[in-house]
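Enquirer: One structure is given below, represented as structure tokens, and several questions about it will come after.
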Ligand SMILES: [Fe+2]
């Protein structure tokens, strides 16, 4: 079973995101889908050929986490963009955020702080499935520091390719644009 790249052309026209930046980003995402398929196919072949004890197998297995998460995180990211309405203040996400971050503003301050961290990666609001707690995480590149057993609720790409074309080094301006376009209904629907 292979993965197929999803279509996100409907996001073109979002305030604060140029068409060129978005189209480049979609192309980059499609590369992760292609490579995820390639890596899975090659690993499958190596299994059939009895090569699981080889260093090539080990390195490719490591690579799989990077390519697969590169694919999946972009899907979560694009799917939580394109929104036009603010978060429902009476909904479960708003009340959980306020409860877990010491008030209404705490979550956003924390999430923006994560997004502004130096380095390439992702700011992710996760929900711990064991107790429902919301925690903002920094995911390095695509594959380091995902919390086990947690559900991603809101994802923000902070690799340079997500903003440099439009904002240069002004990552804070990109974060501002991201917040103007969050699809809160999509994010809230991920909450358990
Ligand atoms: Fe990206």
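Numbering (the working numbering), first residue to last: 21 to 212. Where is the CB? At the ideal position from N, CA and C, for every residue including glycine.
#1: Note down the Cα distance separating residue 72 from residue 66, rounded to an integer number of angstroms.
#2: Have a look at 114, 150, 29 and 210 and flag the residue whose alpha-carbon is nearest the alpha-carbon of residue 167.
#3: Under 7 angstroms, do residue 163 and residue 89 count as touching if we go by C-beta distance?
#4: Between the Cα of residue 131 and those of 119, 146 and 57, spot the shortest distance and give me the residue it belongs to.
#5: Pop quiz: residue 87 and residue 56 are said to be a contact at Cβ under 8 angstroms. What is the actual Cβ separation, rounded to whole angstroms?
#6: When you compare each of 41, 53, 46 and 110 to residue 22 by their alpha carbons, which one comes out closest?
#7: Is residue 179 near ligand 1, going by C-beta to nearest heavy atom under 6 angstroms?
#8: Indicate, with yes or no, if ligand 1 has a heavy atom lying under 6 angstroms from the CB of residue 29.
#9: Compare the beta carbon distance of residue 17 and residue 140 with 7 angstroms and say whether it is the shorter of the two.
#10: For ligand 1, is there a heavy atom less than 6 angstroms away from the beta-carbon of residue 25?
#11: To the nearest angstrom, report how far apart residue 103 and residue 75 are at their CA atoms.
#12: Would you check whether ligand 1 has a heavy atom nearer than 6 angstroms to the C-beta of residue 182?
#13: By Cβ distance below 8 angstroms, which residues in the same chain neighbour residue 185 in space, the five residues on each side in sequence not counted?
#14: Bridge partners of residue 176, per DSSP?
#15: Quick check: what's the CA-CA separation for residue 83 versus residue 142?
#16: Under DSSP, the alpha helix (DSSP H) around residue 67 begins and ends at which residues?
#17: DSSP state of residue 1, grouped into three classes?
#18: Enumerate in chain order the residues of its own chain whose CB-to-CB distance from residue 30 is below 7 angstroms, with the five nearest sequence positions on each side excluded.
#19: Among the residues of its own chain, which have a CB less than 7 angstroms from the CB of residue 183, if the five just before and after it don't count?
Expert: Walking through what the data contain:
#1: 7 angstroms
#2: 150
#3: yes
#4: 146
#5: 5 angstroms
#6: 53
#7: yes
#8: no
#9: This structure leaves residue 17 out entirely; the chain is present only between 21 and 212.
#10: no
#11: 45 angstroms
#12: yes
#13: 38, 40, 41 and 44
#14: 143
#15: 18 angstroms
#16: 39 to 68
#17: Given a span of 21 to 212 for the chain in the structure shown, any question on residue 1 remains unanswerable.
#18: 102
#19: 191 and 194
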